[in-house]
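**Student:** Just passing along the structure, written as structure tokens.
Residue numbers (this note's numbering): 80 to 375.
Structure representation (structure tokens):
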């Protein structure tokens, strides 16, 4: 079986604040965000923790940054860039892609890139991750918008059923043909089989819920198939002091369960396997497959 250290896995973080949660009425109005941020902002403190964890492990990751955050916390974006990490965009307003028109989505992406570049002019922004993995069937037009905006890869597809996303696709890094006949490399989230079920094991609430033994099992299973695992986390995943707002019980559990354990789990994971940026993982997959997709 292939060792988890023989494959380069992708370490990624979606940089948003605690109130950037979709479909939760208490925080869905963007006009409330400045007040919520002033009352309790976690994004700088816990992104700085993430930067320390990466530095301790000598790992470079991909930070998909919300344009709204870049505009208000430019020094944070500068710290991420200065540490040598890859910077991508997570949109500007954290809206689900399938709720937008191509024109509105294009402006959102353009505004996000402008905000990130204003904070870190040297940032080479090539990748995108959709809020809530919300490129779903019928929203494939989004891939053409990304290419039109100068981005060269996507990391938005979640190949299993979930609340706000889900898209059946080839597991592992692959190339997508867009509705307009162009191609774009895709780095979907990782799914492993646990008994009769296929589950995400390596990000957000899934990673907080599962014990390290199951997370490592998922990495080994994907590595045995020759595929990299994509880890994704948010600053609030590390925040036991995250403010609580009213939401359905299942969402409440997923948002707030075991935030105290995330740091230790990530430290163990960074010791267990070899990690790099999303662009590096896509480049490694291209090299090993002997294919020639568009350069990332």
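Quick reminder that beta carbons are idealized off the backbone N, C-alpha and C, glycines included. Remember, predicted model here, so these are calculated numbers, not experimental data.
Under 8 angstroms, do residue 133 and residue 124 count as touching if we go by C-beta distance?
**Tutor:** Cβ atoms of residue 133 and residue 124: not closer than 8 angstroms.
**Student:** Evaluate residue 109 with the Cβ neighbour count: other Cβ atoms within 10 Å of its Cβ, from every protein chain shown; 16 or more gives buried, anything less gives exposed.
**Tutor:** So residue 109 ends up on the exposed side.
**Student:** Check the DSSP bridge columns for residue 89 and list the partner residues they point to.
**Tutor:** BP columns for residue 89 point to 309 and 355.
**Student:** Please classify residue 191 as buried or exposed, where buried requires at least 16 other C-beta atoms within 10 Å of its C-beta.
**Tutor:** Buried, since its Cβ has 16 or more Cβ neighbours within 10 Å.
**Student:** Going by the CB atoms, is the gap between residue 312 and residue 282 shorter than 8 angstroms?
**Tutor:** Going by C-beta atoms, residue 282 is nearer than 8 angstroms to residue 312.
**Student:** Within the chosen definition, does the region 262–273 reach the region 316–336 through at least 3 CB pairs nearer than 8 angstroms?
**Tutor:** The answer is no - the region 316–336 does not touch the region 262–273, with fewer than three Cβ pairs under 8 angstroms.
**Student:** Could you work out which residue in 275, 87, 299 and 156 is closest to residue 94 when comparing CA atoms only?
**Tutor:** Nearest of 275, 87, 299 and 156 to residue 94, Cα basis: 156.
**Student:** Using CA coordinates, which residue listed in 99, 160, 231 and 285 is at the minimum distance from residue 262?
**Tutor:** Checked all of 99, 160, 231 and 285; the closest Cα to residue 262 is 231.
**Student:** I need the DSSP call for residue 153, collapsed to helix, strand or coil.
**Tutor:** Residue 153: helix per DSSP, three-state reduction.
**Student:** Pick out the complete alpha helix (DSSP H) segments inside the region 171–216, 4 residues or longer, and give them in chain order.
**Tutor:** As far as the region 171–216 is concerned, its whole alpha helix (DSSP H) runs of at least 4 residues are 181–198.
**Student:** In the DSSP assignment, the alpha helix (DSSP H) including residue 327 goes from what residue to what residue?
**Tutor:** Where residue 327 is concerned, there is no enclosing alpha helix (DSSP H), given that its DSSP letter is neither H nor E.
**Student:** For the region 270–301, list the beta strand (DSSP E) runs that are entirely contained and at least 3 residues long, ordered along the chain.
**Tutor:** Taking only runs of at least 3 residues, the beta strand (DSSP E) segments lying wholly in the region 270–301 are 270–273 and 276–279.
**Student:** Just the Cα atoms here: how many angstroms apart are residue 353 and residue 86?
**Tutor:** If I take the Cα positions, the gap works out to 7 angstroms.
**Student:** Between 220, 147, 279 and 180, which has its C-alpha nearest residue 193's C-alpha?
**Tutor:** Comparing Cα-Cα distances from residue 193 to each of 220, 147, 279 and 180, the minimum goes to 147.
**Student:** Select from 297, 277 and 218 the residue whose C-alpha is nearest the C-alpha of residue 258.
**Tutor:** Residue 258 has its Cα closest to that of 218, out of 297, 277 and 218.
**Student:** DSSP on residue 233, reduced to helix/strand/coil?
**Tutor:** Residue state, collapsed to three classes: strand.
**Student:** What are the start and end residues of the beta strand (DSSP E) that includes residue 265?
**Tutor:** Segment 262–265, the beta strand (DSSP E) holding residue 265.
**Student:** Any contact between the region 272–279 and the region 202–215? By contact I mean 3 or more CB pairs, one from each, below 8 angstroms.
**Tutor:** Too few Cβ pairs lie closer than 8 angstroms, so no.
**Student:** Excluding five sequence neighbours on each side, which residues of the same chain lie with their C-beta closer than 8 angstroms to the C-beta of residue 371?
**Tutor:** Summary for residue 371: the model assigns pLDDT 47, below 50, so the residue's position carries little reliability, and this model does not support an answer.
**Student:** Expressed to the nearest angstrom, what Euclidean distance is found between the alpha-carbon atoms of residue 314 and residue 128?
**Tutor:** The straight-line gap from Cα to Cα measures roughly 9 angstroms.
**Student:** Using the rule of at least 16 other Cβ atoms within 10 Å of the residue's Cβ for burial, across every protein chain shown, is residue 256 buried or exposed?
**Tutor:** So residue 256 ends up on the exposed side.
**Student:** Name the two residues that bound the continuous beta strand (DSSP E) containing residue 126.
**Tutor:** Taken as a continuous stretch (DSSP letters only), residue 126 belongs to no beta strand (DSSP E), being part of the alpha helix (DSSP H) at 122–136.
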